[in-house]
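Colleague: So the sequence shown is residues 1267 to 1938, counted in my numbering.
Backbone N, C-alpha and C fix where the C-beta goes; we use that ideal spot for every residue, glycine too.
Have a look at the structure that comes next, please.
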Amino acid sequence: MLRYVSKMFLGGLQRRFISQFRFSSEVRSALKNGEPVVALESTVITHGMPYPDNVKTAMDVEQVVRRAGSVPATVAVIKGDVCVGLTEHLLTELANAENSVKISSRDFAPAVAQKVTGGTTVAGTMLAAYKAGINMFVTGGIGGVHRGAEVTMDISADLVELGRTPIAVVSAGIKSILDIGKTLEFLETQGVCVATYGDSKEFPCFWTRKSGFDVPWNVRNPTEAATMIAAQKALGVRSGVLIANPIPLNHESDGKYIENCVQEALKESEIQHIKGKDITPFILSRVHHATRGASLKGNIALIKHNALVGSLIMKELAVLRPETVGVAEKVYVVPSPKVEPINTARPVIIGGSNVDFNVKLGIDELKQNGDTYKGQVHQGYGGVARNMADCISRLGLNPLLVSVVGDDLNGKGILGHNPNMDKSGIAVLRDATTATLCAVHNQNGSLLYNIADMDIHDRITPEMIIRFEKDIAAAPIVVLDGNVSEDVLQTTFEICARLKKPVWYEPTCVAKATKPFRNNRLSGVWYASPNKKELELMYRDLMHDSPLNGDELSRVAKMAVELLRSGLIRHALYVTLGERGLVRVVKTNDDYDIIHFEAPQAAIVKTSNGCGDCQASTIITGMILGLPEDDYMGAAMEIPILTLSSYASVPDTLSKNDLKVKNIIKTKRLHI
């Protein structure tokens, strides 16, 4: 009992801790339309300057970004909401907030949970910007390895975040109060690409253009910088890019004076034996007083200069032709057909699109002896998300499919199949091959195994999902298949949680059944449609227990109920059992309604590919149309029979008339 209560309690906590993002209308529109967006930090507002200088500086920096042709997105946490893009009202609220805190990457969870207000640090801004789909962040300077870190282990989280967050950062390097040599070594260890901006490869140390340390790379103009960032992104490197922008020549004399004050303060700290975490605040205080505030003004000038350079780079990145970087990614907008759905509700379906090769063996047993065996091979179109969009469109709705294909014959085949299906959300990638699946069936049509080439599915990115946020906002439900990455899942969950949209998860295969629930993340799954093996894995891995005893229907029902009790799946499970039909488990107020739907007998079985996809699609369609459950569940048991009798994953003959139940479907209410 104690174990059950703890699981239920933790599940409840997880549901409340979804990251809450709030986008300004300016930033939301820019991201939707693929316009250049530049992220800005906010600790300079909350902790860097007094009011009203802090608001004026923030607004001035935003204007620099706008004049350079990009859209500014100042990041902050306000009353527990992660805000990306601040209005003047929110800037003022943030600047005047009492007890505001500094929010690094480690602090988002408590800051959101406790609904605090605070400014995001370099590390915090990087993380939030990346999650929001922003590729560029500019700041004054980043943190580094502190002097004496070999004893204190005082290393800025900025460096760690650069090593794990694929975003470009423009800064003026790091201040000489830090250990520049060790900082560059640490960045190298973290796999961060460091380049200077300009003709020299010498790394700048904030107030001066010279530090005595060279880096391997330099970029001389916005185009070179954008080309490098685009190549890094296309290669899928998961670390960031640091572009060190030296202080402008017209400010260098002031910078040298400030740097001399820094060196004097360093000597004073040694004389006074100031060590560890006390060194940095001591030196900053001494420098501020010695320069009579000139260091603060210089800091603002550097931020504006970096904002200008970062914005120009981002503008180039936004319009850069893929061929110039060897990436060759191109998104074709496929015109939407004129359809007349029977309902205006438009579900969004995210996931894989494949070309399927269905093999039906002509013998009982395969031997690995290099021989040739008789069989039948049929080509068709698949991918769970594509199948579901295809099926739902044939049943009369107009779903939006978000997916990717290659610029090849297979991709063109997918785009040309079912002309009544909207394919405007499919990106065509010129440097990738369309996913293919070879499904091998026995003589009876039962699936033996699949051989898949699915690498292209990794190219479905969080940024793609963000572009369709408006469509998600208007959708009655969002469907995800297991082909997408965990980052895409999490981004979709966060958007849907904020917009209060239910999510349906189709696991795709056993190996991907638990993907939404890994790494202790809240899944955001309302509905799921696993088969029995997928359910068993979900139960074993998520509940840390072995499958329960009892007959098959009883075991399935008990496992489904436990998953719903845990809070990992919020409302219902539809468990497919092949020839034995389907078990539906719905969470009611304080109980669980469990019904077993028997499957009709199939007269002809060619392949089982697509049966589960069509079944789930029929249930979703029925829900959206508001049909009685008896009707759409009955149709969901009959439509797979059509699929079994066809080599196509979604039969071409399928239509909205198939939502009408033709036979009596046997059901049985189960109790556990």
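Since V1706 and I1692 should fall inside the 8 Å C-beta cutoff, what is the C-beta to C-beta distance between them, to a whole number of angstroms?
Modeller: Between I1692 and V1706 the Cβ distance is about 27 Å, and since that is not below 8 Å, they are no contact.
Colleague: With three or more C-beta pairs closer than 8 Å as the rule, is the segment 1485-1498 touching the segment 1513-1533?
Modeller: As far as the Cβ criterion goes, the segment 1513-1533 does not touch the segment 1485-1498, which means the pair count is below three.
Colleague: With DSSP as the reference, please indicate the residues paired to V1304 in a beta bridge.
Modeller: DSSP lists P1338 and M1402 as partners of V1304.
Colleague: Let me confirm a value: I1629 is counted as buried when at least 16 other C-beta atoms fall within 10 Å, else exposed. Which label applies?
Modeller: Classification of I1629: exposed, given that the 10 Å Cβ count is below 16.
Colleague: Quick one: grab the DSSP three-state call for S1437.
Modeller: Note: S1437 maps to strand in three-state DSSP.
Colleague: Give the C-beta separation of N1676 and T1702 to the nearest angstrom, bearing in mind that I take them to be a contact with Cβ-Cβ under 8 Å.
Modeller: At roughly 7 Å, the Cβ-Cβ gap stays under 8 Å, so N1676 and T1702 are in contact.
Colleague: Determine the direct distance from the alpha carbon of I1615 to that of T1391, and round the result to whole angstroms.
Modeller: Those two C-alpha atoms are separated by around 30 Å.
Colleague: Would you mind sorting N1635 into buried or exposed? The rule is 16 or more other CB atoms within 10 Å of its CB.
Modeller: N1635 comes out exposed.
Colleague: Sorted by chain position, which residues of the same chain lie with C-beta nearer than 6 Å to E1828's C-beta, five sequence neighbours on each side aside?
Modeller: M1809, listed in sequence order.
Colleague: Got a sec? Which residues, its chain only, sit under 7 Å from G1407 by beta carbon, not counting five neighbours each side?
Modeller: Closer than 7 Å at Cβ, skipping near neighbours: S1437, A1438, G1439, I1440, K1441 and F1472.
Colleague: What residue range does the alpha helix (DSSP H) around A1423 cover?
Modeller: Element bounds for A1423: A1423 to L1428.
Colleague: Is the separation between the beta-carbon of M2018 and that of A1882 shorter than 8 Å?
Modeller: Outside the displayed span of the chain (1267 to 1938) sits residue 2018, for which this structure offers no information.
Colleague: Check the DSSP bridge columns for S1669 and list the partner residues they point to.
Modeller: According to DSSP, which records beta bridges pairwise, S1669 is partnered with I1692.
Colleague: May I ask which residues mark the beginning and end of the alpha helix (DSSP H) holding V1754?
Modeller: Segment E1752 to L1765, the alpha helix (DSSP H) holding V1754.
Colleague: Drop a sphere of 10 angstroms on the beta-carbon of K1926, count the other beta-carbons inside from all chains shown, and report buried for 16 or more, exposed for fewer.
Modeller: Flag for K1926 reads exposed.
Colleague: Tell me whether H1707 sits in a helix, a strand or coil according to DSSP, three-state version.
Modeller: In this structure, H1707 counts as strand in the three-state DSSP scheme.
Colleague: Can you give the Cα-Cα distance for L1920 and C1657, rounded to whole angstroms?
Modeller: So the alpha carbons of these two residues sit roughly 8 Å apart.
Colleague: Roughly how far, in whole angstroms, is the beta-carbon of I1885 from the beta-carbon of L1910, given that I think they are within contact range, below 8 Å?
Modeller: The pair is not a contact, with the Cβ atoms about 18 Å apart (cut-off 8 Å).
Colleague: Given a cut-off of 8 Å on the beta-carbon distance, is the pair D1304 and M1402 in contact?
Modeller: This sequence places Val at residue 1304; Asp is not what is there. Yes, the pair counts as a contact, with Cβ atoms nearer than the cut-off.
Colleague: Counting pairs of Cβ atoms below 8 Å between the segment 1419-1426 and the segment 1304-1324, do you hit three or more?
Modeller: Segments in contact, no.
Colleague: With a Cβ-Cβ cutoff of 8 Å, do D1753 and E1772 count as a contact?
Modeller: Against a cut-off of 8 Å, the Cβ pair of E1772 and D1753 comes out as no contact.
Colleague: Helix, strand or coil: which one does DSSP assign to H1355?
Modeller: Looking at H1355 - three-state DSSP - the assignment turns out to be helix.
Colleague: Does the segment 1816-1835 come within contact of the segment 1849-1860, defined as at least 3 CB pairs closer than 8 Å?
Modeller: Contact holds: three or more Cβ-Cβ distances are below 8 Å.
Colleague: Taking the alpha carbon of G1346 as the reference point, which residue from V1694, R1764 and T1493 has its own alpha carbon closest?
Modeller: Checked all of V1694, R1764 and T1493; the closest Cα to G1346 is R1764.
Colleague: Output the boundary residues of the alpha helix (DSSP H) element that contains E1328.
Modeller: It spans D1319 to R1333 - the alpha helix (DSSP H) in which E1328 sits, taken as one unbroken run.
Colleague: Does chain D have any CB closer than 8 Å to the CB of S1690?
Modeller: Looking at the structure shown, chain D is missing, and only one protein chain is on hand.
Colleague: Can you tell which of Y1396, Y1805, S1795 and D1924 has the C-alpha that lies nearest to the C-alpha of E1729?
Modeller: It is Y1396.
Colleague: Starting from E1468, follow its DSSP beta bridges and name the residues at the other end.
Modeller: Note: E1468 sits in a beta bridge opposite D1480.
Colleague: What does a CB cutoff of less than 6 Å around K1824 pick up in its chain, not counting 5 residues either side in sequence?
Modeller: So the list reads L1814 and I1938, once near-sequence residues are dropped.
Colleague: Bridge partners of R1216, per DSSP?
Modeller: Because the chain spans 1267 through 1938 in this model, residue 1216 falls outside it and cannot be assessed.
Colleague: Three Cβ pairs or more, each shorter than 8 Å: is that satisfied between the segment 1413-1423 and the segment 1357-1367?
Modeller: No, they do not touch.
Colleague: Let's see if you can read the secondary structure: which residues bound the alpha helix (DSSP H) around C1657?
Modeller: From DSSP, the alpha helix (DSSP H) with C1657 extends over V1650 to R1660.
Colleague: Just mark I1743 as buried or exposed, buried being the case when its beta carbon has 16 or more other beta carbons within 10 Å.
Modeller: By the 10 Å Cβ count, I1743 comes out buried.
Colleague: Quick one: what does DSSP say E1802 is sitting in, helix, strand or coil?
Modeller: It is helical.
Colleague: Under DSSP, the alpha helix (DSSP H) around C1877 begins and ends at which residues?
Modeller: C1877 to L1891 is the extent of the alpha helix (DSSP H) around C1877.
Colleague: Assign N1929 to buried or exposed, taking buried as 16 or more other Cβ atoms, counted over all protein chains shown, within 10 Å of its Cβ.
Modeller: N1929 should be labelled exposed.
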